[in-house]
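Under the working numbering, think of the first position of the sequence shown as 5, with each following residue one higher. Shown next, in structure tokens, is the structure this report addresses.
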Amino acid sequence: MTQNQSDEKMEMAKGKMKSKAEPSGSERTARIVELERESVIQTYTRQPILLVKGSGAKVWDAEGNEYLDFVAGIAVNSVGHCHPAVVEAIKKQASELIHTSNLYYTENQVFLAEELKTLTGMDRAFYCNSGAESVEAALKLARRATGRSETVAAVDSFHGRTLGSLGATYKPVYREPFRPLNEANFVPYDDAEALLAAVSKETSAVILEPVQGEGGVNVPSPGYLRAAREICDDCGALLILDEVQTGFGRTGRWFGKEHSGVMPDVMTLAKAVAGGLPMGVMMAAETVTDAFQKGDHATTFGGDPLVSAAALATIGAIKKEKLVERSEQVGSYLRSRIVEEIDALEVRGLGLMVGVELEASCPEIVNEARERGILLNATSEHVLRMVPPLVVGKEEIDRVVKVLAEILQKS
Ligand SMILES: Cc1ncc(COP(=O)(O)O)c(C=O)c1O
Numbered sequence: 005m006t007q008n009q010s011d012e013k014m015e016m017a018k019g020k021m022k023s024k025a026e027p028s029g030s031e032r033t034a035r036i037v038e039l040e041r042e043s044v045i046q047t048y049t050r051q052p053i054l055l056v057k058g059s060g061a062k063v064w065d066a067e068g069n070e071y072l073d074f075v076a077g078i079a080v081n082s083v084g085h086c087h088p089a090v091v092e093a094i095k096k097q098a099s100e101l102i103h104t105s106n107l108y109y110t111e112n113q114v115f116l117a118e119e120l121k122t123l124t125g126m127d128r129a130f131y132c133n134s135g136a137e138s139v140e141a142a143l144k145l146a147r148r149a150t151g152r153s154e155t156v157a158a159v160d161s162f163h164g165r166t167l168g169s170l171g172a173t174y175k176p177v178y179r180e181p182f183r184p185l186n187e188a189n190f191v192p193y194d195d196a197e198a199l200l201a202a203v204s205k206e207t208s209a210v211i212l213e214p215v216q217g218e219g220g221v222n223v224p225s226p227g228y229l230r231a232a233r234e235i236c237d238d239c240g241a242l243l244i245l246d247e248v249q250t251g252f253g254r255t256g257r258w259f260g261k262e263h264s265g266v267m268p269d270v271m272t273l274a275k276a277v278a279g280g281l282p283m284g285v286m287m288a289a290e291t292v293t294d295a296f297q298k299g300d301h302a303t304t305f306g307g308d309p310l311v312s313a314a315a316l317a318t319i320g321a322i323k324k325e326k327l328v329e330r331s332e333q334v335g336s337y338l339r340s341r342i343v344e345e346i347d348a349l350e351v352r353g354l355g356l357m358v359g360v361e362l363e364a365s366c367p368e369i370v371n372e373a374r375e376r377g378i379l380l381n382a383t384s385e386h387v388l389r390m391v392p393p394l395v396v397g398k399e400e401i402d403r404v405v406k407v408l409a410e411i412l413q414k415s
């Protein structure tokens, strides 16, 4: 394609072609689907809708269809789409200072670190730009702090797709094409004996999710994380809790670790932290922070003024609207409504992190639900994951459960 043809296509896709009539919503969608195929590397399987607007727990496509969003950008939009306080903070900060690099001091990242210390009980923050990067930072810190290089992770874990974090991510199909990797020793989740048997004097860290997300919303038994803490203490390994998905109220507590009362050495955060802007944070305990010396780790964008302003506004909104408490209450309503109305094999989760195991094909249910105005996600053939914005209402939950029950009755 020539440059002119490509520019023309782009303009048409944006609906800015003056000589032609405004494209309809379905034309815009078709054009973007085609352009995406030609110009974006094909690593994602996307749903065939073009999203153009969001507010609260709803999003709209280019054809004007409204959807109840029970995916929330994969547990990111916890305060809802385009929360006014987050939008305002972004606008204000964007007009003052967007990015500086970490060669200089900026205010918001320091204020945010203070806030995160209070919320997590950890001692210091390292900023990056995604969940995988926060895991990378944690794995590097564990190596530095212990002088060891092995990692123990859980079966069905998900920690990211960069080479380091991928080594701790369970699904063999994700890892195999990229070997050799520094791969973790994988042990069954929620099995303290297996964990004990797997650690050694070579283990730098045990990395666990307080509730497994991508693995199908798996909640461990009470006592598991405490046992993991003791095992790490005994063998001198760090305990990394990956709270990328469970953080910021998702499980009905500020952080998933609070259900067990366990304090890790390192916590990884991302997803919901900045209201939809990309941010990752590794929080570490005083006992290990000094293992990172100046120059040991860095990233250009980490904690820039704009994303930090969005994070401060997001945390402010979670507090003001009591979204952590709301997540617990509304989440238990969601689970009980599903149990009442749907013949599921299992309904599990904490707060508004809910997994529904079904006999039916979940990818097919996701397609049908979308056609009926509900966005859902399947973590596997038989598990639906629901991680709606924490602002979701009971009426919206009722609608989702009703539609799901109708779809399942038909199938
Ligand atoms: C627990 C957990 N850790 C790490 C990641 C990776 O985060 P990102 O996709 O932002 O790199 C995810 C993503 O789903 C996750 O759920």
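Note that the Cβ used here is the ideal one computed from N, Cα and C, for glycine as well.
- Looking at the backbone, the Cα of aspartate 73 and that of glutamate 400 are separated by about 10 Å.
- Approximately 6 Å separates the beta-carbon atoms of valine 191 and alanine 158; this is inside 8 Å, confirming the contact.
- Nearest C-alpha to asparagine 81 among Leu200, Pro393, Val405 and Met271: Pro393.
- In the DSSP assignment, phenylalanine 115 falls outside any beta strand (DSSP E) and lies within the alpha helix (DSSP H) extending over 111-124.
- Each of Glu154, Gly355, Ala313 and Phe259 was checked against the Cα of glutamate 332, and the nearest Cα belongs to Gly355.
- Comparing C-alpha distances from glutamate 247 to each of Ala232, Gln216, Ser312 and Thr383 shows the shortest one belongs to Gln216.
- With fewer than 16 other Cβ atoms from the protein chains shown falling within 10 Å of its own Cβ, serine 30 counts as exposed.
- Around the CB of threonine 173, 16 or more other CB atoms lie within 10 Å, so the residue is classed as buried.
- Contact between the region 232-240 and the region 195-207 is present: 3 or more CB-CB pairs across the two stretches fall below 8 Å.
- Runs of the alpha helix (DSSP H) spanning 4 or more residues and lying entirely within the region 19-87 occur at 29-43 and 76-79, in chain order.
- Contact annotation, leucine 310 with glutamine 113: C-beta distance approximately 11 Å; criterion of less than 8 Å not satisfied.
- Excluding sequence positions up to five before and after tyrosine 337, its CB lies within less than 7 Å of the CB of Lys398 and Ile401, all in the same chain and listed in chain order.
- Using a C-beta cut-off of 8 Å, the region 111-129 makes contact with the region 284-300, since at least three inter-stretch Cβ pairs fall below that distance.
- For glutamate 154, the three-state secondary structure derived from DSSP is strand.
- With the criterion CB distance below 7 Å from any heavy atom of ligand 1, the matching residues run Ile78, Ser134, Gly135, Ala136, Glu137, Val139, Phe162, His163, Gly164, Arg165, Ser169, Glu213, Gly217, Glu218, Asp246, Val248, Gln249, Thr272, Ala274, Lys275 and Gly284 along the chain.
- Under DSSP, no beta-bridge partner is assigned to threonine 173.
- When the five nearest sequence neighbours on each side are left out, the beta carbons in the same chain lying within less than 7 Å of the beta carbon of arginine 152 are those of Glu206, Thr207 and Ser208, in order along the chain.
- DSSP places tyrosine 108 in the coil class of the three-state scheme, outside both helix and strand.
- The beta carbon of glutamate 70 is closer than 7 Å to those of Lys62, Trp64 and Gly377 in its chain, skipping five residues each way along the sequence.
- Per DSSP, aspartate 402 is one residue of the alpha helix (DSSP H) stretching across 398-414.
- Of the residues Val266, Gln46, Glu218 and Glu345, the one whose Cα lies closest to the Cα of glycine 353 is Glu218.
- Residue range 189-191 is occupied by the beta strand (DSSP E) that includes valine 191.
- With contacts defined by Cβ atoms closer than 8 Å, leucine 245 and methionine 283 do not form a contacting pair.
- For aspartate 238, the uninterrupted alpha helix (DSSP H) segment begins and ends at 228-239.
- Under the 8 Å Cβ criterion, the region 87-95 counts as touching the region 313-333, having at least three qualifying pairs.
- DSSP, read as helix, strand or coil, puts glutamine 216 in strand.
- Under the criterion of beta carbons closer than 8 Å, phenylalanine 259 and threonine 124 qualify as touching, at roughly 6 Å.
- As the crow flies, the alpha-carbon of leucine 349 is around 5 Å from that of leucine 362.
- The C-alpha of glycine 359 is placed about 20 Å away from the C-alpha of valine 83.
- Scanning its chain for C-beta atoms nearer than 6 Å, with the 5 sequence neighbours on each side dropped, one finds around asparagine 186 the residues Gly171, in chain order.
- The closest CA to that of leucine 388, considering only Leu55, Pro367, Arg374 and Glu372, is found on Pro367.
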